[in-house]
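Enquirer: The following block contains the structure, expressed as structure tokens.
Numbering (our numbering), first residue to last: 5 to 627.
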């Protein structure tokens, strides 16, 4: 328990640093934060602030990818309920918007210097335990952000973290509460147990009992509601043999491929920021002062370490590593590509401030041969054609299926084969029947009741199907003969458990009255004694432990208390509580841990209440 308390009482900043990428991306797709939208693109409004459809779509996609990662590569994505995903994502975005508004109203702030430290300490941005500007740029580039966009997004998340910490950290507990919790948590109990086994084999059942149970539970003994479907399956892969490419197209594709190869340039820079504390004139004067010192022969690396305000590169002498076009700010990139090796630029103004840029090295790209790329280029060109044909064929399939009274004509038009599934119910079946979209379509009123063809259903990005109900197998009563064994097994278990309970209750009554000695064996079975059992005692059934710690304290040593617990197999466990052992007073360290844990729990409840309050007072409109 103490370890659990330790795990649940860590600092919020540490948690933010450790999980920064996952945590941030789980909440929303942040690209939309930096995109202008119109009222037609609104998914919701929170106190007049918009949440765009684009933002929502990205949040849904992110949520779906995370679920797929958690559930494994073999999980069928079609089983995910899109409506539920959308509702969950929108709720997350609304909650986030409310918390940001709450943080702003409460005047929370997070300094640029603190933000720098979060970035420097984030493991995802480190190589061999040290911050790497190259790794940082690589990660945020993969996520689709510039440095400024990432900092803006991260600042918002830290504000929410501050707000959470401010509320959750305000929880407190009294000394009496701590001591009471410690007394209960560290308490141990002495008990003995005796198992009264249930014996289903000894139960004798009559045919009349079985028939009565069958009649009483008739609705439970029905065949499932099932359907057999005919379907047409259109696969993208089938079109690859139908397309070809010529040498002229391959050569054009090759030239385009190698034209995209660009040299990598290794840059270093000295940054003087323009911000709330430093005006443009002040920053420019400072960068010109540094430029003058360079002209006098001072080393660029030393000046970068001393003056650069880029925390990611300053300690490395301003070194940003190798990068290709499109990574840096356009003005920065233009200046960099105009430099010769070891040359330093004039001051360059970007959104971040003023830079002095030095070109440290150039790496020319390796140009692959046509032969080495031919197979790849062929696949790429074929894929383009196949994609177009697949889209056209999918549209043709949907149109033909809508117009046709069965699947025969669409099958003939597209040279497909009508396939038939095995019977399956609403819980799904094998093959195509395992797909949730197919199940939904098969049991829809249009398909099942009206006999229409379904719309085109995308099983995956490369497969489209249309389904039609062939046979509806409605629920029917199962004959008694087919369920007789199952009924007898269930009744035998119930009767055996009831007999065991009756025997256990009689034994407990005799034990309480003194008619049966406390330590006397029962049916040759001795009591199993356990001393000083904890709430997490190993080797004891959790149900028994739960019941044990709910039992009243014995009035005296020779007056134990009793209870019984029904186990999963139907047997009864008689529990005899012999004594309750109060633990020693907690140490100062333990009390501190208990206090942090309890305060944290209270703080979490306060934060949850605050979120509900924000929601109840907000003007929220969903579109």
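The beta carbon of each residue, even a glycine, is placed where N, CA and C say it ideally should be.
Taking the beta strand (DSSP E) that residue 382 falls in, what are its first and last residues?
Expert: Along the chain shown, one-based indexing puts residue 382 at 378. Segment 374-407 is the alpha helix (DSSP H) holding residue 382; no beta strand (DSSP E) there.
Enquirer: Exposed or buried, which one is residue 190 when buried takes at least 16 other CB atoms within 10 Å?
Expert: Counting from 1 along the chain shown, the entry for residue 190 is found at position 186. By the 10 Å Cβ count, residue 190 comes out buried.
Enquirer: Would you kindly work out how many angstroms separate the C-alpha atoms of residue 287 and residue 273, rounded to a whole number?
Expert: One-based indexing of the chain shown puts residue 287 at position 283. One-based indexing of the chain shown puts residue 273 at position 269. Near 15 Å, if we compare the C-alpha coordinates of residue 273 and residue 287.
Enquirer: Tell me the start and end of each unbroken beta strand (DSSP E) in the region 228-277 that is at least 3 residues and wholly inside, in chain order.
Expert: Here the runs fully enclosed are 230-239 and 268-277.
Enquirer: In angstroms, rounded to a whole number, what distance separates the CA positions of residue 200 and residue 575?
Expert: The sequence position of residue 200 within the chain shown is 196, counting from 1. The sequence position of residue 575 within the chain shown is 571, counting from 1. About 6 Å.
Enquirer: For the candidate residues 493, 600, 623 and 550, whose alpha-carbon lies nearest to that of residue 175?
Expert: Here residue 175 corresponds to residue number 171 of the chain shown, with the count starting at 1. The residue with the shortest Cα to Cα distance from residue 175 is 600.
Enquirer: Would you report the Cα separation of residue 507 and residue 217, rounded to the nearest angstrom?
Expert: Taking the chain shown and counting its residues from 1, the one referred to as residue 507 is at position 503. Taking the chain shown and counting its residues from 1, the one referred to as residue 217 is at position 213. In a straight line, the C-alpha of residue 507 is about 25 Å away from that of residue 217.
Enquirer: Of all the options 578, 151 and 505, which has the alpha carbon lying nearest to the alpha carbon of residue 525?
Expert: As a working note, residue 525 is residue 521 in the chain shown. Per the Cα distances, 578.
Enquirer: Which whole-angstrom value is the C-beta distance of residue 460 and residue 468, which I expect to be below 8 Å?
Expert: The residue given as residue 460 occupies position 456 in the chain shown. The residue given as residue 468 occupies position 464 in the chain shown. Indeed they touch by this definition, with Cβ atoms about 5 Å apart.
Enquirer: Quick check: the region 227-245 against the region 509-525, are at least 3 beta-carbon pairs closer than 8 Å?
Expert: No: the two stretches stay apart, fewer than three of their Cβ pairs being nearer than 8 Å.
Enquirer: Where does residue 365 land, buried or exposed, given buried means 16+ other C-beta within 10 angstroms?
Expert: The sequence position of residue 365 within the chain shown is 361, counting from 1. Exposed, because fewer than 16 other Cβ atoms sit within 10 Å of the Cβ of residue 365.
Enquirer: Under the three-state reduction of DSSP, which class applies to residue 281: helix, strand or coil?
Expert: In the chain shown, counting from the first residue as 1, residue 281 sits at position 277. Three-state DSSP puts residue 281 in coil, outside helix and strand.
Enquirer: Using 8 Å as the Cβ pair cut-off and three pairs as the minimum, do the region 429-436 and the region 355-374 touch?
Expert: The region 429-436 vs the region 355-374: no contact.
Enquirer: Taking the runs of the beta strand (DSSP E) that are 3 residues or longer, which of them lie wholly in the region 460-509?
Expert: For the region 460-509, whole beta strand (DSSP E) runs of length 3 or above, ordered along the chain, are 461-464 and 467-477.
Enquirer: State the Cα-Cα distance for the pair residue 615 and residue 103, rounded to the nearest angstrom.
Expert: Counted from its first residue, the chain shown places residue 615 at position 611. Counted from its first residue, the chain shown places residue 103 at position 99. Answer to the nearest angstrom: the Cα atoms are 7 Å apart.
Enquirer: Kindly identify the DSSP beta-bridge partner or partners of residue 92.
Expert: Here residue 92 is taken as the residue at index 88 of the chain shown, counted from 1. Partner(s): none; residue 92 has no beta bridge.
Enquirer: For the alpha helix (DSSP H) holding residue 628, just list the boundary residues, first then last.
Expert: In this structure the chain extends from 5 to 627, so residue 628 is not present and cannot be described.
Enquirer: Taking only three categories from DSSP, how would you classify residue 199?
Expert: As a working mapping, residue 199 is identified with position 195 in the chain shown. Of the three classes helix, strand and coil, the one that applies to residue 199 here is strand, per DSSP.
Enquirer: Quick one: what does DSSP say residue 611 is sitting in, helix, strand or coil?
Expert: The count along the chain shown starts at 1 and reaches residue 611 at position 607. Looking at residue 611 - three-state DSSP - the assignment turns out to be helix.
Enquirer: What are the start and end residues of the alpha helix (DSSP H) that includes residue 323?
Expert: Within the chain shown, residue 323 is the residue found at index 319, counting from 1. Premise fails: residue 323 lies in the beta strand (DSSP E), 323-327, not in any alpha helix (DSSP H).
Enquirer: Given a cut-off of 8 Å, decide if residue 275 and residue 312 are closer than it, judged by their beta-carbon atoms.
Expert: Numbered from its first residue, the chain shown carries residue 312 at position 308. Numbered from its first residue, the chain shown carries residue 275 at position 271. Against a cut-off of 8 Å, the Cβ pair of residue 275 and residue 312 comes out as a contact.
Enquirer: Taking residue 624 and residue 164 to be in contact with their CB atoms under 8 Å, please state how far apart those CB atoms are, rounded to whole angstroms.
Expert: Looking up residue 624 in the chain shown gives position 620. Looking up residue 164 in the chain shown gives position 160. Their Cβ separation, rounded to whole angstroms, is 18 Å, which puts residue 624 and residue 164 out of contact at 8 Å.
Enquirer: Are the CB atoms of residue 225 and residue 495 nearer to each other than 8 Å?
Expert: On the chain shown, position 221 is the one that residue 225 refers to. On the chain shown, position 491 is the one that residue 495 refers to. No.
Enquirer: Do residue 234 and residue 424 come within 8 Å of each other at the CB atom, strictly closer than that value?
Expert: Your numbering for residue 424 matches position 420 in the chain shown. Your numbering for residue 234 matches position 230 in the chain shown. Contact flag set, yes.
Enquirer: With a threshold of 6 Å on Cβ separation, who are the neighbours of residue 179 within its own chain once the five nearest residues in sequence on each side are excluded?
Expert: To locate residue 179, count along the chain shown from 1; it is residue 175. Nothing meets the Cβ criterion.
Enquirer: Could you say which of 389, 520 and 485 lies nearest to residue 219 if we only look at CA atoms?
Expert: Taking the chain shown and counting its residues from 1, one reaches residue 219 at position 215. Cα-wise, what sits closest to residue 219 is 485.
Enquirer: Which value, in whole angstroms, describes the spacing of the CA atoms of residue 284 and residue 278?
Expert: The count along the chain shown starts at 1 and reaches residue 284 at position 280. The count along the chain shown starts at 1 and reaches residue 278 at position 274. One C-alpha to the other measures close to 6 Å.
Enquirer: Under a Cβ-count criterion, where at least 16 other Cβ atoms within 10 Å of its own Cβ denotes burial, should residue 449 be classed as buried or exposed?
Expert: Taking the first residue of the chain shown as position 1, residue 449 is located at position 445. Residue 449 is exposed by the Cβ-count criterion.
Enquirer: On the DSSP letters alone, give me the boundaries of the beta strand (DSSP E) that residue 589 sits inside.
Expert: In the chain shown, the residue the question calls residue 589 occupies position 585. Per DSSP, residue 589 belongs to no beta strand (DSSP E) and is neither H nor E.
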